[in-house]
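Asker:
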Amino acid sequence: MKIVTLGSSGFLSGEVVRSALRRGHQVVAVSRGHGAPAPTGAVEVHADRDDPDALARVLSGSAPDAVVDVCGYTVAGAQAAAGILGDVGAYAYVSSVSAYRAWPPGPVRGEGDPLFTPQDDLTSYGPMKAESERVLGRVLGDRLWTVRPGLIIGPGDTTRRMTSWLHRIATREQVAVPGTLDQPMAFVDVRDLAELLVTGVEQGWSGPVTATGPVGMTTFGGLLEACREAVASTGGTPGTLVPIAEDRLLAAGVEPWRDLPFWLPHEVARTAWDVDTTLARSLGLAVRPVQDSVTDTWRWVQQRGLDHPELDPRLEPSALSAAAR
Ligand SMILES: NC(=O)c1ccc[n+]([C@@H]2O[C@H](COP(=O)([O-])OP(=O)(O)OC[C@H]3O[C@@H](n4cnc5c(N)ncnc54)[C@H](OP(=O)(O)O)[C@@H]3O)[C@@H](O)[C@H]2O)c1
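Letter by letter, the sequence shown follows residues 43 to 367 in this note's numbering.
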């Protein structure tokens, strides 16, 4: 097949391009040219996908069989793509679990759960994704397949969420972690999500699917232990985890998710990680062992030399214990 990818060498888009090439497809990868070159083998073209004229210019005459739209960050971008690529046979749009109106805190019971509406603030992320789905759906109908990922992890992730934990564990003797280590968590490995996206356009799937790991695939403690194991596997000495009770963290002004990545206060976490993935499982979305994702991410961090800012002294276990007194 000839596949156009919107996004070329980013975290998920790079994996989609690699996956499509591995499976023998021709790939035309669209980006603005700000990042690394597209994976070898793809035809790279440069345009802002939010600009219909630019998109038409670079894609004129390419007549793809399928599109995988990875970099939808505005409703205008969905409108531009619908205008230029709306007659394609199969179109996969990467939305987000954030499109569900009640998430967070969730739970998400299924793909039929209500989304944000056109009356919501369409410049904010969740409503923008929901509206983009509708914009594309109006033009593509059942040729549109909408994939709503939860948290994506794996090598290539420059968000400094997972990699911050790895970095802290590799570089500190003691690492403050949330006390709720038995809190269930779920996520999807970027490589498994990319494979699903390519399979979906090959098969011409339609409708929405929530794409993340099964509820309770691991716990926060399981993830952090996997980080310790990854650091040890490359000859490092992993730091000791120092659980700090949630009320202490909150009293010390520690910002959930931002200061301690993936940490959500218990009341939110209880339902936020409770996302039904029955359909994704039936479509074959793989559940990669957490240890594999984490170890591969750590190896990538080391290879790439991904830098991390100095730890905020407020997040030292000693500071958090002192602040709570
Ligand atoms: N990360 C998560 O946990 C998560 C969770 C749920 C959903 N999602 C969704 O998953 C998708 C992938 O996220 P990601 O962070 O992995 O993205 P990504 O693949 O890193 O996307 C960035 C790619 O898109 C290109 N790009 C960005 N804006 C563009 C534009 N206006 N025109 C043309 N190309 C553009 C970038 O290249 P240039 O900069 O060179 O243009 C780069 O190649 C997104 O739609 C995101 O909303 C992510």
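Beta carbons are placed, not taken as given, at the ideal position from N, Cα and C, and that holds for glycine. In this text the structure is predicted, and so the values were computed from the model without any measurement.
(1) Specify the secondary structure class of G154 as computed by DSSP and reduced to three states.
(2) Taking the Cβ atom as the reference point for each residue, do A134 and V284 lie within a distance shorter than 7 Å?
(3) Going by beta-carbon coordinates alone, are I211 and M204 separated by less than 7 Å?
(4) Which residues in the same chain as G255 place their Cβ atom closer than 6 Å to its Cβ, once the five residues preceding and following it in sequence are excluded?
(5) What separation, rounded to the nearest whole angstrom, lies between the Cα atoms of A122 and E267?
(6) Relative to the C-alpha of V58, which residue among E237, L306 and Q161 is closest?
(7) How is H225 classed by DSSP in three states: helix, strand or coil?
(8) Taking R91 as the reference, give the member of V85, A84 and R99 with the closest Cα.
(9) When the Cα of Y167 is compared with those of D155, S138 and D184, which residue comes out closest?
(10) Note the first and the last residue of the continuous beta strand (DSSP E) segment covering D111.
(11) Have a look at G83, R65 and M43 and flag the residue whose alpha-carbon is nearest the alpha-carbon of S50.
(12) Which same chain residues, not among the five before or five after L208, have their C-beta less than 8 Å away from its C-beta?
(13) If the criterion is Cβ atoms closer than 7 Å, does the pair M170 and V117 meet it?
(14) Can you name, in chain order, every residue of its own chain whose Cβ lies under 6 Å from the Cβ of L306, other than the five neighbours on each side?
(15) What does the alpha-carbon distance come out to for the pair D234 and V110?
(16) Quick one: which unbroken beta strand (DSSP E) runs of 3-plus residues sit fully inside the stretch 262-305? Chain order, please.
(17) For a test of the three-state rule: what should DSSP assign to Q245, helix, strand or coil?
(18) Below 7 Å between beta carbons: does that hold for L186 and A124?
(19) Ignoring anything shorter than 3 residues, give me the beta strand (DSSP E) runs that lie fully in the stretch 126-175, in order along the chain.
(20) In whole angstroms, give me the CA-to-CA distance for Q225 and G148.
(21) Closer than 6 Å by C-beta to D184: which residues in its own chain qualify, once you throw out the five before and the five after it? Chain order, please.
(22) Taking the alpha-carbon of Q345 as reference, which of V70, R65 and P197 has the nearest alpha-carbon?
(23) Determine, using beta carbons only, whether L157 and V112 come nearer to each other than 7 Å.
(24) Spell out the partners DSSP gives Q121 in its beta bridges.
(25) Which residue marks the beginning of the beta strand (DSSP E) containing P220, and which one marks its end?
(26) What's the C-alpha gap between T213 and L348?
Answerer: Put simply:
(1) Reduced to three states, the DSSP call for G154 is coil.
(2) Their beta carbons are not under 7 Å apart, which means A134 does not touch V284 by this criterion.
(3) Contact flag unset, no.
(4) For G255, same chain residues with a beta-carbon under 6 Å away, outside a window of 5 residues either side, are A228, F229, V230 and V329 in chain order.
(5) The straight-line gap from Cα to Cα measures roughly 44 Å.
(6) Minimum Cα distance to V58 is reached at E237.
(7) Note that residue 225 is Gln in the sequence shown, not His. In this structure, Q225 counts as coil in the three-state DSSP scheme.
(8) Its Cα nearest to that of R91, the residue R99 stands out among V85, A84 and R99.
(9) Residue S138 is the option with its Cα nearest to Y167.
(10) Per DSSP, the unbroken beta strand (DSSP E) holding D111 starts and ends at A108 to D111.
(11) Closest by alpha carbon: G83.
(12) Excluding positions up to five away in sequence, the list reads C269, A272, V273, V336, T339, W340 and V343.
(13) In this structure, V117 lies closer than 7 Å to M170 by Cβ.
(14) So the qualifying residues of the chain are P298 and A314.
(15) Cα to Cα, D234 sits roughly 15 Å from V110.
(16) The DSSP assignment places 282-286 as complete runs of the beta strand (DSSP E) inside the stretch 262-305, in order along the chain (cut-off: 3 residues).
(17) Q245: helix per DSSP, three-state reduction.
(18) Contact annotation: L186 and A124 have beta-carbon atoms that are not nearer than 7 Å.
(19) Fully enclosed beta strand (DSSP E) runs of 3 or longer: 132-136.
(20) If you take the alpha carbons of Q225 and G148, they lie about 15 Å apart.
(21) Only S248 meet the Cβ criterion.
(22) Per the Cα distances, P197.
(23) In this structure, V112 does not lie closer than 7 Å to L157 by Cβ.
(24) For Q121, which the question treats as bridged, DSSP gives no partner whatsoever.
(25) Per DSSP, the unbroken beta strand (DSSP E) holding P220 starts and ends at Q216 to P220.
(26) Distance between the alpha carbons of T213 and L348: 14 Å.
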